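The structure under discussion appears below in the form of structure tokens.
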Amino acid sequence: EPVQGEGGFYQAPAELMREIRRLCDKYGIVMIADEVQTGGCRTGRFFGFEHYGLEPDLVTMSKSLTGGMIPVGALMCRAEIYERIYSSRSMHTPHWSTCSENLLAMVAALSSLQIMARDDLAARAEALGLRFRRRLQASHERFNLVTDLRGKGLMIGVGLTPQPGPLRLLMSLLLKHRINVSTSAPRWDALKLLPPLTIDDAVVDEFCDALDSVLENEDI
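Here my numbering is used: the first residue of the sequence shown is 25, the next is one more, and so on.
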């Protein structure tokens, strides 16, 4: 994962990604990019691996293709790998599913891809991510509970002192502001922010104002 999804939203260092690519090339290992959470413009590029100037051999995608509304997944691979696997029935065993090739899922995925391109949602995610970071940096400097900021684009982790009690309270107080967030359990050390790519500046400010208001609560 270019940015860890369930691992706390830490972004992989560029040196690490380049070294993984080098070692895969050296030893003939297939490099797989898990873009289930980072793909689809979420990080400010269509794929998260684009930030590193390298190409993996296989890429997986899922949630962003339909906004999480309809189950769908995709696997992309280099042409030479595809030919090695699928050029002959004797080379592979096909897997079939009764619910595969769901036409509604295909239409939803194609529509999502068209909107991503039409509205340049990658650039939008990058710009809104920077706005989030400016506001959240002020919260980081003001409140001891906020330890660091993580992620890329609109995949943001707000690092917090790892204490389940205060974090649960913080999440419940945010719900009173009609804001639903999740956390990087089981470590309980970050709020995970994955807002829709179609939000505007007002929504960013609304969230940050609500977070500041909640962090001022003396019980946290």
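Where a beta carbon is used, it is the ideal one built from N, C-alpha and C, also for glycine.
Everything numeric in this text was worked out from a predicted model, so none of it was measured.
Rounded separation between residue i and residue j - CA only
{"i": "Q28", "j": "I56", "result": "14 Å"}
{"i": "I44", "j": "S121", "result": "34 Å"}
{"i": "S86", "j": "L193", "result": "32 Å"}
{"i": "A98", "j": "I53", "result": "21 Å"}
{"i": "P186", "j": "W212", "result": "5 Å"}
{"i": "C101", "j": "P118", "result": "16 Å"}
{"i": "F73", "j": "L40", "result": "12 Å"}
{"i": "L218", "j": "C65", "result": "12 Å"}
{"i": "E230", "j": "A141", "result": "27 Å"}
{"i": "C123", "j": "E107", "result": "26 Å"}
6 Å CB neighbourhood of residue i in its chain, flanking five on each side removed
{"i": "A132", "result": "T90, I94"}
Beta carbon of residue i nearer than 8 Å to that of residue j
{"i": "L235", "j": "L178", "result": "no"}
{"i": "R46", "j": "A146", "result": "no"}
{"i": "E169", "j": "L239", "result": "The displayed chain sequence assigns Leu, not Glu, to residue 169. Yes; because the gap between Cβ atoms is below 8 Å, this pair is in contact."}
{"i": "R174", "j": "A214", "result": "yes"}
{"i": "R159", "j": "V228", "result": "yes"}
{"i": "T171", "j": "L184", "result": "yes"}
{"i": "A129", "j": "V96", "result": "yes"}
{"i": "I105", "j": "H116", "result": "no"}
heavy atom of the ligand GDP below 7 Å from residue i C-beta
{"i": "F70", "result": "In the structure on display, the ligand GDP does not appear, and there are no ligands present to speak of."}
Proximal residues to residue i (C-beta, below 7 Å), its chain only, five neighbours per side dropped
{"i": "K216", "result": "F33, G181, V205, S206, T207, S208"}
{"i": "H201", "result": "A234"}
Selected residue, minimal CA-CA separation from residue i, among the options
{"i": "I139", "options": "R108, S88, S237, R159", "result": "S88"}
{"i": "G153", "options": "R166, R142, D172, K176", "result": "K176"}
{"i": "D58", "options": "E230, M130, P80, P190", "result": "P80"}
{"i": "Q35", "options": "H201, S136, T62, D49", "result": "T62"}
{"i": "Y76", "options": "D225, P37, D143", "result": "P37"}
{"i": "A151", "options": "R42, F71, D224", "result": "D224"}
{"i": "G92", "options": "V60, E125, R113", "result": "V60"}
Sequence-distant residues of its chain with Cβ nearer than 8 Å to residue i (five each side left out)
{"i": "L198", "result": "N204, V205, A234, L235, V238"}
{"i": "G31", "result": "E25, S208"}
Neighbour flag for residue i against chain C, beta carbons, 8 Å
{"i": "A146", "result": "Judged by its chain identifiers, the structure shown contains no chain C, having just a single protein chain."}
Unbroken alpha helix (DSSP H) run spanning residue i, endpoints
{"i": "I109", "result": "103-110"}
Residue i - containing beta strand (DSSP E), residue span
{"i": "G183", "result": "179-184"}
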